[in-house]
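Notes follow once the structure below has been shown.
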Amino acid sequence: MSSHIVLLQDYDRHDRVWALDLRSGEVSPASGRCHGFVRLQMPQHPGPAREDREAAALFAEAGTLWFQYGDRRWDCASVTVRHSGSPDGTRRFTVTGPHGIALDLLYTAPVPEPFDPSYDAIDALEDDFLHWVAQRLATAGRRHNLLAHYLNGFLPA
């Protein structure tokens, strides 16, 4: 594997694997052991063409846990990641580093199935990758465990 490519499992379709180019943020179909998850999304400007969307990824590479959005990447040990929601359904995801806010995304919360009485917090977390990322990175212990798991790699489901 080239040092600028990492294999990631699709967050929405667990049978799909993507090769993420760390320099460009572009993804292409792949196969093999995964070292994290990627979701193809673009919360600020949703569009119909999936390949035109930004890739957001949480993965391990070179002994480090990374969060990448498009072609921008941050070492998870040196940034703070926050997620919040507003009553109007707006969500905010921020990555803050030593020089202030490095990424600030506002987006609409995923809409639950209207007639699903079993829809709960776990379903909401599954629907919102950025919320899931913020929860995974909330404590040093979670980051440590995730780094160990992702460095080892895993086969797609």
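Per full-length UniProt numbering, the sequence shown starts with residue 1, numbered consecutively. In this text, a Cβ means the ideal position worked out from N, Cα and C, and glycines have one as well.
- Rounded to the nearest angstrom, the gap between the Cα atoms of Phe37 and Leu58 is 6 Å.
- One thing to note: Val17 has its Cβ within 8 Å of the Cβ of Ser31.
- Arg136 carries a helical assignment under DSSP once its states are collapsed to helix, strand and coil.
- Spatial neighbours of Arg33 in its own chain (CB-CB distance under 8 Å, excluding positions within 5 residues in sequence) are listed in chain order as Leu7, Gly153, Phe154, Leu155.
- By the CB criterion at 8 Å, Gly63 and Leu151 fall inside the cutoff.
- The Cβ atoms of Ala19 and His83 lie no closer than 8 Å to each other.
- The alpha-carbon separation between Glu26 and Gln9 amounts to approximately 14 Å.
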